[in-house]
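For reference, the structure is listed below as structure tokens.
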Amino acid sequence: MRLAVFEGGTPLTTREVAEAVNVPYAHMAKVITRLQHLGVVEARRGRGGGLELTGLGRTASVGWLVRELEGEDEVVTCEGDTPCPLRGACRLRGALREAQEAFHRALDPLTVADLVTAPTGPVLVGLTGRRPD
Ligand code: SF4
Numbered sequence: 833m834r835l836a837v838f839e840g841g842t843p844l845t846t847r848e849v850a851e852a853v854n855v856p857y858a859h860m861a862k863v864i865t866r867l868q869h870l871g872v873v874e875a876r877r878g879r880g881g882g883l884e885l886t887g888l889g890r891t892a893s894v895g896w897l898v899r900e901l902e903g904e905d906e907v908v909t910c911e912g913d914t915p916c917p918l919r920g921a922c923r924l925r926g927a928l929r930e931a932q933e934a935f936h937r938a939l940d941p942l943t944v945a946d947l948v949t950a951p952t953g954p955v956l957v958g959l960t961g962r963r964p965d
């Protein structure tokens, strides 16, 4: 979202975005790497380099992005090493699956560009992570 309101000038770096949104640098670096693999962010190295949202990144469905980043695993662990004895006949499991699908469906129509309209965008523009001169 921060990259979606870039207004020209020197692109932000991973460190600057991390500082702007109060996220540890190591965590942000991992997120940026995943976003690069999805084709929604480009990182240019060297002087004048930095991060840029791609065209796909701007128009990407938020539901798609959340599925890609968070996965679509069930929200509870019913199987596994110690499977739940209710797993074959559990109404809660079915209800949670439907709730998870509804959660993704609600995000599907939104794009990243939609998320940075006012009032969010103007606030994001002020979050630079850059120290004042
Ligand atoms: S009670 Fe139902 S939802 Fe919870 S772990 Fe067991 S099968 Fe899964």
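Count along the sequence shown from 1, add 832, and you get the number used in our numbering. For each residue, glycine too, the CB sits at the ideal point set by N, CA and C.
8 Å contact criterion, which residue i and residue j should meet: CB distance rounded
i, j, result
"Val894", "Leu883", "Their Cβ separation, rounded to whole angstroms, is 19 Å, which puts Val894 and Leu883 out of contact at 8 Å."
"Leu936", "Val898", "For clarity, residue 936 is His in the given sequence; the question names Leu instead. At roughly 7 Å, the Cβ-Cβ gap stays under 8 Å, so His936 and Val898 are in contact."
"Gly871", "Leu888", "5 Å"
Contact set for residue i: own chain, Cβ-Cβ below 7 Å, skip 5 residues either direction
i, result
"Gly880", "Thr842"
"Leu956", "Met833, Arg834, Val837, Val948"
"His861", "One detail in the question is off: residue 861 reads as Ala in this sequence, not His. The answer, listed in chain order, is Thr846."
"Pro951", "none"
Contact set for residue i: own chain, Cβ-Cβ below 8 Å, skip 5 residues either direction
i, result
"Ala945", "Ala836, Arg890, Thr891"
"Leu966", "With the chain running from 833 to 965 in the structure shown, residue 966 is simply not present."
"Thr960", "Leu844, Glu848, Ala852"
Within 9 Å, strictly: CB atoms of residue i and residue j
i, j, result
"Val907", "Ala931", "yes"
Backbone CA spacing between residue i and residue j [nearest angstrom]
i, j, result
"Glu851", "Val863", "14 Å"
"Leu867", "Glu904", "17 Å"
"Glu839", "Arg962", "15 Å"
"Pro941", "Gly878", "36 Å"
Same chain, Cβ closer than 6 Å to residue i, neighbours up to 5 away in sequence not counted
i, result
"Cys910", "Cys916, Arg919, Arg925"
Next item on the list: When you get a sec, list the residues whose CB is within less than 7 Å of any heavy atom of ligand 2, chain order please.
Entry: This structure lacks ligand 2; the ligands present are ligand 1.
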